[in-house]
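Novice:
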Amino acid sequence: MRVAGKGLLAGARPVTFSFDGVRYRGLEGDTLASALLANGVRLVGRSFKYHRPRGVLTAGSEEPNALLTIGRGAGQEPNVRATVQEIYDGLEARSQNRWPSLGFDLLSVNDLAAPFLGAGFYYKTFMWPKSFWEKVYEPLIRRSAGLGALSREANPDRYEKAFAFCDVLVIGGGPAGLMAALAAGRAGADVILADEDARMGGRALAESWEIGGRSAHLWVDDVLAELAAMENVRLMPRTCVVGAYDQGTYGALERVGQHLPRSGSARPVECFWRIVARRAVLAAGALERPVAFRNNDRPGIMMAGAVRAYLNRWGVAPGRRVAVFGNNDDAHRTARDLVAAGVHVAGLIDSRHDAPRARDFRVWRGAVVCDSAGRKGLENITIRTARGKEKLQADCLAMSGGWNPSVHLACHMNGRPVWRRDIAAFVPLPGAVPGLEAVGAANGAFSTAACLREGAEAGARAAEALGFGAAVPDLPEAEDDPCRIAPLWSVPGRGRAWLDFQNDVTVKDVKQAAAENFRSVEHMKRYTTQGMATDQGKNSNVAALAVLADATGRSIPETGTTTFRPPYSPVSIAALGAGAQGKGFAPERFSTSHAASVEHGAPMIEAGLWYRPSYFPKPGETHWRQSCDREVRMVREAVGVCDVSTLGKIDLQGPDVGAFLDFVYTNTFSTLKVGRVRYGLMLREDGFVMDDGTCARLGENRWLMTTTTAAAGEVMRHLEWVHQALRPDLDLRFVSVTEQWAQFAVAGPKARELLNGLLDAPLAQADWPFMACGAVSVLGVRGRLFRISFSGEQGYEIAVPARFGDSLFRELVARAEALGGGPYGMEALNVLRIEKGFITHAEIHGRTTAYDIGMQGMVSEKKDCIGKTLSQRAGLMDPDRERLVGLKPVGAVKQITAGAHLFNRGEAPVRVNDQGYVTSVGFSPTLGHMIGLAFLRRGPERIGEVVRLVDHLRGIDTECEVVNPVFYDPEGGRMRG
Amino acid sequence: MRFSGLRVLWEGLTGNRGWEPHWRDPAPKSEYDVVIIGGGGHGLSTAYYLAREHGITNVAVLEKGYLGGGNVGRNTTIVRANYGLPGNSEFYSHSLKLWEGLEQELNYNVMMSQRGVLNLFHSDGQRDAFARRGNAMVNQGDDAILLDREGVRRLVPYLDFDNARFPVHGGLFHPRGGTARHDAVAWGYARGADRRGVDLIQNCEVTGIDIENGRVRGVQTTRGAIRAGKVGIVVAGRSSQVAAMAGMRLPIESHVLQAFVTEGLKPVIDHVVTFGMGHFYISQSDKGGLVFGGDIDMYASYAARGNLPAVEHVMEAGMTLMPMIGKARVLRSWGGIMDMSPDGSPIIDRTDVEGLYLNCGWNYGGFKAVPASGHCFAHLMATDRYHEAATGFRLDRFRTGYGIIDEEGTGAQHNLH
Amino acid sequence: MAELIAKTPCEGLLPLTVGGVSLTEENPGVMTVVAPFRGREAALAQAMRAAHGVAFPAPNRSAVRAGARAIWFGRGQALLVGPEPDPSLAEHAALTDQSDAWALVRIEGERVEDVLARLVPVDLRVRLFKRGHTARTLIGHMAGSVTRVGPRAFQLIVFRSMAATLVHEVRTAMEAIAARGVLEG
Amino acid sequence: MRIPCPICGERDRREFYYKGAAVALDRPGPDAGEAAWDAYVYLRENPAGRTRELWYHEGGCGAWLVVTRDTVSHEIFGAELAGEADV
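Protein chains in written order, with the UniProt record's numbering: chain G, 1 to 977; chain D, 1 to 417; chain A, 1 to 185; chain L, 1 to 87.
1. How would you label Gly45/G, buried or exposed, when you count the other beta carbons within 10 angstroms and need 16 or more for buried?
2. Taking the DSSP output, what are the residues bridged to Ser351/G?
3. Inspect the beta-carbon positions of Thr274/D and Ala580/G and report whether they are closer than 8 Å.
4. What does Ser400/G pair with, by DSSP beta-bridge criteria?
5. Against chain L, with Cβ distances strictly below 8 Å, would Pro121/A count as a contact?
6. Within its chain, find whatever has a CB closer than 8 Å to the CB of Glu53/D; leave out the 5 residues flanking it on each side and keep chain order.
7. Decide if residue 424/D is buried, meaning its Cβ has at least 16 other Cβ atoms within 10 Å, or exposed.
8. Would you verify that the beta carbon of Thr622/G is, or is not, closer than 8 Å to some beta carbon of chain D?
9. Could you please tell me which residues of the region 851-885 of chain G, in chain order, have their CB closer than 7 Å to any CB of chain L?
10. List the residues of chain D whose Cβ lies closer than 7 Å to the Cβ of Met413/G, in chain order.
11. What beta strand (DSSP E) runs, 3 residues minimum, are completely inside the region 688-723 of chain G?
12. Measure from the alpha carbon of Ile5/A to the alpha carbon of each residue in Met930/G, Glu811/G, Gly825/G, Leu870/G, then state which is nearest.
13. Around the Cβ of Gln393/G, are there at least 16 other Cβ atoms within 10 angstroms (buried) or fewer (exposed)?
14. How should His353/G be labelled, buried or exposed, when 16 other C-beta atoms within 10 angstroms of its C-beta is the threshold for buried?
15. Is Gly78/L close to chain A, meaning its C-beta is less than 8 Å from at least one C-beta of that chain?
16. Taking CB distances under 8 Å as the criterion, tell me whether Gly640/G reaches chain D.
17. Using a Cβ-Cβ distance cut-off of 8 Å, determine whether Arg131/A contacts chain L.
18. Within the continuous beta strand (DSSP E) that includes Arg2/L, where are the two ends?
19. Quick check on DSSP: helix, strand or coil for Asn135/D?
20. According to DSSP, which residues form a beta bridge with Asp12/L?
21. In chain C, which residues lie less than 8 Å from Arg14/L when you measure between Cβ atoms?
22. Taking the alpha carbon of Gly29/G as the reference point, which residue from Arg238/G, Asp105/G, Gly21/G has its own alpha carbon closest?
23. Going along chain G, which residues have a C-beta under 7 Å from Ala2/A?
24. Under DSSP, the alpha helix (DSSP H) around Ile226/D begins and ends at which residues?
25. Could you run through the region 721-743 of chain G and flag, in chain order, every residue whose CB is less than 8 Å away from some CB of chain L?
26. Whole angstroms are fine: how far does the CA of Arg684/G sit from the CA of Gly29/L?
27. If distances are taken between C-alpha atoms only, which option among Asp878/G, Arg974/G, Leu884/G, Val109/G comes closest to Met855/G?
28. Can you list the residues of chain L that Leu250/D reaches, using a CB-CB cut of under 8 Å?
29. Closer than 7 Å by beta-carbon distance: list the chain G residues that pair up with Cys27/L, in chain order.
30. CB Ala310/D to CB Asp295/D, shorter than 8 Å?
31. For a contact defined as C-beta to C-beta under 9 Å, what are the partners of Glu34/L on chain D?
32. Measure the alpha-carbon distance for Arg519/G versus Ala369/D and round it to whole angstroms.
33. Against Arg125/A, what residues of chain L qualify as contacts under a CB-to-CB distance less than 9 Å, listed in chain order?
34. By the DSSP assignment, the alpha helix (DSSP H) with Ser597/G in it spans what residues?
35. Less than 7 Å separating the Cβ of Glu739/G from some heavy atom of the ligand FAD?
36. Closest to Asn830/G by CA distance: which of Ser614/G, Phe770/G, Gly305/G is it?
Okay, structure coming up:
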C-alpha cells in the first residue's frame, strides 16, 4: 500500500491497468510490481516445477518470480518482468504457468510429489515402456513445463538495430556511473551513459541517504541536467548493456516503446544497439542475494533492498507488519527506513551475534529465520535462537544475505571473477575485458562515497588514456559505512530451502547432486538446473556454489564459478533479428526486365538474390509445362528472347590479362583473337570445378569474362585473391560490370532477322560467325553483341547500358512476337540446355571434376593453372568415378526425376548397389520424351546400356538407356548456322 | 544401482538418502591397456563400447576438465541420419539405430525424442538436391519423406509462407530424427563405462605422448605419467594440439559455433526445423526453451565465445522464416569449438604411430555421432580393423583424392562446411 | 523508327521525405571507375588533375571541382563522376564505364546521422567523418559507398539492381526515427 | 570483432570474408609433389594462440589482408595487404 508522503512519484498522473482481468490504479512512474504491491497484490506467479505460489522478490530485471504476459493477440509478450515493465493506461497483464487460475493451480500437486521430483529424477525414470517417451511422458512434461506462451502469430511490432560509437561507454547510471560520465564528459570525450532503468540514479533513488547534504535523488537530477547539457554526452535510459564482445564492441537493448501503448505507429518496441567504445566503465552495481531457509519462497518474502526501493522510490510499503532478516548492516538500514516511514517493523533477525542494537524495533541477535507459513502469502515466520524457536507474525519479510557485484559483463570474454573474503562476494578480474574497468558496487565498493570516488576516477582515467585532459570532479559528501557482513548462505534444518526460486532448486537438490558425484559446479548446475532459469542464476549462483563447496568440503574459490555468457539480461529475437522479417533478410536484386516480365504474367523465382522469370504463360495455358514446351519450340523454330543480365560480367584490362586468364582457367586464353569468344572452365585449387562461362576479347588489352549467376560473387573474390595474393606481378585491373549492362539472349533460326530490325547496321553473316563478338549500335545506342548460344540454336547476346534495358527488352519481345517467337523463361532455358547437354551448377555442384563432366581435355598440358595439380590426383582420375551421361526413359514409366538414383538393371535399390544419380531432367518437346543428365559410375563407357532409375520419394522406378549427354544437334550445325 | 521409476519412488519415500555416485573418482593407475584422451561424448562412448563390446576394461579416460564439458554439453542436441553420401550414410544410419535403444542400453534416460527433422528447401534446384539425399537415406534403409509446400504447411503452419525472403517450396522430412538431452548422453555413457571398470579421471590434462621407435608407449599428464598399450585421441576442439604432441599436423581448423536458448515457453515448436537458405535450425526443449543455432562465426577460434554478426545473422534467419518467435527472448548463448575438416566429414583412423588412433574432424555433426563414433572407434582400437559402418573416414583421403566426402560441395576451405 | 527510352535506377521510387529527412535520386551523368595500372598512380593523378581538375583521391576521401567529382571507390580505384573521362587517362589506368551500374541517392536532414546509424556500421560522427570523407562499407546488407557531402547530407551508392531495397531500408529507418520523436546523441 | 584494414581503418568484422591460414600465400610449384600440395591445401598448424590468417575486405575496399590474431583471446596485432606480406 502507498505510504503518504513517501517516494518520488508525488503528483504523478494516475494510470489504469489490469492484472488477470482485475482493473487497478497506479501512478505514472510505477512498474507493474510497485503498482501491484501498492494495491496489496502479493500473489503474482507460480514457480516452474512445483507451481508454488510466488510474489515479487526484487525490484529489478533479475526478478525470478513476477513474470507476466503483457497484451493480447499476435503481439502478446510472455515472461515480462513486472519489476521492469512500466505501467501505462490500458496495460493488460496476465499471470502464467497456472491452470485454471493463479489462485487455484491444479499442477501445484507437483509440490506434494516433490520428494519424487528431486534433482535429475527424470534421468532415472520414464524409460519403460520404450515407446512411451514420445507418446506419453514427454508430452506431459512439455505441457507442464515452460512459462508464458507465444501467440503463434507473426510478430506485428516494429523492432530495429543501430550502431553507435563513443570514446567512453559508461554502463550503469548510479552514483558511480554518473560520476564516471561526468568526469569523462567534462574532459570532452564522447560519452554514452546507458542504464537499464527508465530513470537514472540507481540505488540513489532507492535509498534514504543523502549526497552532498541533500536527498540523493536531487543530486542525481543535478548531475543528469549537467550531462544532458553536454553535446558530447548521450544519455541512454531504458538501455541494458547485455554483452561485451571483441575490440570494444558492446551489445545493448533499448526499450523504446515497451513502456507505451502499442499504437501501431512506426515506433520500434525495442532497439538493439551495437556500441563501439574505446573505453568502458562498468558501473552496473550489485544484486542482493537471498538467504536459503525452509519455505523462504512465499509471497511477501522479498529482498531487503527491494523493500527499501519500493518504499523510498515508489512510496509503497510491501506489508503492514514487516520483519527483517539479514547477516549485514543493510538489514538495519531497511528496518530504520520502514520505521521512519511509519511502517510497523515486527522485528529484525540478525544472524550476527555482534549485530548492532536498535531503539525503534526489536533485534534478535545471533538468530535466524528457519521457517515461514502462509500458503498464498506470508503470515508468520519462525525464528530460531540459542534459546529455541518462536513464531513472529509478519506479512512481509525483507531478507538480505549480502550483495553480489554485477560482474557478468566483465566475464563475457571468459575472465573468471575473483573471490573477496571480506565482502563474501566475487569481483571482476581486472583487464578481463580489454578497455573495461569496473567501479563502485560492481567492483565490490559498497559505500556511496566509494562509488562516487571510483566512478569519478575511472571516468577521468578513461578520458585521459584517450588523450583528453581530464580532472577528477569534486566528490560530494556521502555515507561511507564499511561493509559489515558475516556470510550466511543457508539456514540448517529440515524441509526445503530455495536457492533458485523459479526452477525450484533447493539446498537438498544441490547436496544430492554432490552426493551423486556431480561435484563440478558445471555438473551441479546442469544436473539440478540451478542458474538456468530466466534470472540466469543472478539470485542463486553464489549461494548454490557455497552450498556445493560446503557439501564437497572445498572452499568457494576452489569450487569455482560457472561462466557468465551474453546476454546479461534476455533479449528478444525480434530485436536481434530486426529488419529481417519478411523480405529484409537479404537484398532483392531486380533486373531491368523485371517489370515487363511481370506484366507478361511471368512468375518470378529466386535465383540467388535475383528474381528471374520462370515462364511466360499465354492465354489458355493452364500448366507451366504447356508454356515451357511452347517456349522451347518457339526457340527451336522461330526466335526467343531471354534476360541473361544476371550472369556475372567482369571487365579485365591490362597487358597481362591473357596470362592471368591462362592461370585462372584450365584452358588457354592468351591465344584468343580480338573479337572472339571462348568457353572456359575454372577449377578450385583442390581440383574440383568452381565455375564455367565464356570470355570475350574485346580489344588487345581488354577482355570480358562472364560467370554463372550463382557463382558471380565467388568468382570475383577468387580473381581478387589470385591477383592480389598469388600473382601481384601481373599488370591488370578488373571491375564487375554486371550491373552496367542489360544483356539479352536472342536465340532461334530467326534471331538474325530480329536483330537486323534493331541494329543500325545489319549483321553480315561473314562478320558474325559463331563465337564472334563486337560493338554494335542498337537504335542509336552503343551496345555489344556476342554470337554465343546456350540453347543450341543460332544465338546472340545483345547488351546495352542498363538504363535502356527495360526499353530494349520490350522492343525485342515485341519484334520476336511479330516473328512467331517471344520471351522465354528459366524452365525453357533449362530444357534447351539439357537438350544440348550443357551443364549448370546442378552438375558442377562442387563435387565434380573436369574429368567427371568429360572436359579433362580442357585442362591444358602446356601451363600451370589453379587446381591443375590436385585435379590430377589418382582419386580424381579414377575411371570408377561417377561421370556425366545422358538418360532416356525406356521402361514402362516414362517419367524421370532429378535426385533419383541409378542401379544396375535387376539390382535392388540399396546403397551398396548405388551406381549414380540424376542431376537434371526435362521434357523435351523437340524429342517428344523426357531427357536427363546424370552421373554414373564409368558412365561414358556404358553408353547404350540400360540402367534402373529409382526415386523412392516420388515413387518412380523405371529403366533408362544411357546415352550421349548431347541429345540435340550433336554436330552443332544449328548453333553455327 | 539400477535406475527405475520404482527406485525414484522408494528413494522419495526414504528421504532420497540412498542415491550413489554416478561414477567413481579413481586416482590414475600407472598403466592401462588403453588410454582414451578426452572425456567428452565420443571419448566416453568409446570407453563404454571397448568394455561392453570387446571386454577391454583396463581403460582410462583422461579429461582435463570435467566429464562432458566439451561440445557434448554445448550443442543444439539434434540427432539425425539424413546424409547423402556413402561413408556418411551408413555411419549416421548406424548411429541412429544405437540412439534408438540408448535409454535401455545405458539404463539412463537421455530423452531421445524422435520428433522428426524437417529440412526446408526454397528452390527447384534445392528440391532436387534434397531428393537425391532423401533417396540415399532410403537406399540406406532410413526414412525420408519429400513434402511439398502444403505438406510443410500442415506440419509447421507457423512459418511465414507468404512474405519470407526465400519462400518455402517444400521440405525433406526425416521422422526418426529428433533431439536428445545432451548432458545425459555423456553422463549415461560415463556411468556405463564406470560400472564396467573403466577409470574416468577428471582434471587430468595430457601434456605429452610417449612414442618409442614408432610405437606409442603412454602419455604424460598433469597427474603423472601413464603407460598404455594403445592410445586414442578423441579431443574434438583441441585435436590439432594433442596430435602435435605426436608430431602430427592434421587437416583441421578450429572454429567457434554459437548456439542459443530462449526463456521457457509453452510448447510451440514440435519438430526440428532447418532453413535451407539461412543456416538456421531450431527445436524446443522439454523445459520449453527454444534451442537454436546457425553457422559458425567463420574465423579460427579456441575462445568458446563468438561475436555479434554471427548472432544477428541467426536471429535474422529466424525472423524471416518464423516471425512468431520474435517475442521469445534469448536467455543464454554459448560457443563450442569445432574441428572443421576440409570436406566437412570426420576422421576415424589409425595414425603412422603404431598403437595411436585418431577420432576427430566432426565439424558440427558431432553430437548425433556420439554412439556410432564410440562404437566404431572402439572396434578399430580393439581389432585394428575398420568397423563396416566407418570405413570411409580415412586420414589420407585428401592426399590421395579417394573418398573425399564433401556433402556441401564447398571444397577444401575448412570453414565452409 | 523506335528508340530506346532510358530509365534511372530509382525511377518511381523517389523522392521521399519523412520526419524532415529527404531522400532524392541524383543524376550523376557519366560515372567511370578509374583504376591505375601498376606503377602509374602518380602519372594518373597528374593526368586527372590536368584533364578534370581533380586529383586521384586518397583512400576514404573524395574531391569536387567544377562539374567533376572523384570519389575513392576501393583499393586502387576512384569513381570519376560527371565528365566523360579524358582519353589521356587511358594510358595510365583501366577506365570502366559504370554510368548505369550504380544507384546514387542523396540523404539530407536534421537527423540524417540517426537514420544512417540504423544502416551503416561505420563511425560517421562529424568530428571524424567530415565533408568529403567517404567509405566503402555496408548499407544494411548491401555493399556500397557512403560520402558526407554536407553538414547534414550524405551520398549513398549501391548496385542499380538493389535500388528498391535501398529505398525500402532507408525509409524504414527514417520512419522509426520520426516516430521516436526526441533527438538522439 | 573489429579488424584494422590498412586502407579503410578499423572496421566491423561483418565487412570481412575469412579464408584461412596465411599458408595459402605460399603456393607450391606444379611439381612440388603430393606432400607439399597436401600441406598447402589441407593440413593446418591451427595454433591455439597467435596466427597469421587471410581476410578479404569484401564489404569495404576489396583488399585481401594478412591479419595477425590470437585465436584464444581474439586480440588482433595488426593487418597488412596480402600483396605486400612476406610469405
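We put the beta carbon where it would ideally sit given N, CA and C, even for glycine.
Specialist: Taking the definition as stated:
1. buried
2. None, per the DSSP bridge assignment.
3. Cβ distance not < 8 Å, so Thr274/D and Ala580/G don't count as in contact.
4. Gly326/G
5. yes
6. Excluding its 5 nearest sequence neighbours in each direction, Glu53/D has C-beta neighbours in its own chain below 8 Å: His375, Ala378, His379, Ala382, listed in chain order.
7. Residue 424/D is absent from the structure shown; chain D starts at 1 and stops at 417.
8. For Thr622/G, the answer is no, since every Cβ of chain D falls outside 8 Å of its Cβ.
9. If the cut-off is 7 Å between Cβ atoms, the region 851-885 of chain G has Asp864, Lys868, Thr869, Leu870 near chain L.
10. Arg305
11. 689-699, 702-707
12. Glu811/G
13. The residue in question, Gln393/G, is exposed, as its Cβ has fewer than 16 Cβ neighbours within 10 Å.
14. By the neighbour-count definition (other C-beta atoms within 10 Å, threshold 16), His353/G is an exposed residue.
15. no
16. Closer than 8 Å to the CB of Gly640/G there is not a single CB belonging to chain D.
17. no
18. 2-5
19. helix
20. Partner(s): Arg2/L.
21. In summary, chain C is missing from the structure at hand, where the protein chains are G, D, A and L.
22. Arg238/G
23. Leu779, Glu811
24. No alpha helix (DSSP H) holds Ile226/D; the beta strand (DSSP E) holding it covers 224-233.
25. Trp721, Gln724, Ala725, Leu726, Pro728
26. 16 Å
27. When C-alpha distances from Met855/G are compared across Asp878/G, Arg974/G, Leu884/G, Val109/G, the shortest belongs to Leu884/G.
28. Contacts between Leu250/D and chain L, judged by CB atoms closer than 8 Å, involve Leu43, Arg44, Asn46 in chain order.
29. Reading off the sequence shown, one finds Arg at residue 27/L, where the question assumed Cys. In chain order: Leu726.
30. yes
31. Arg399, Thr400
32. 27 Å
33. None at all; the shortest Cβ gap to chain L is about 14 Å.
34. 594-599
35. Of ligands this structure carries none, so the ligand FAD is not represented either.
36. Ser614/G
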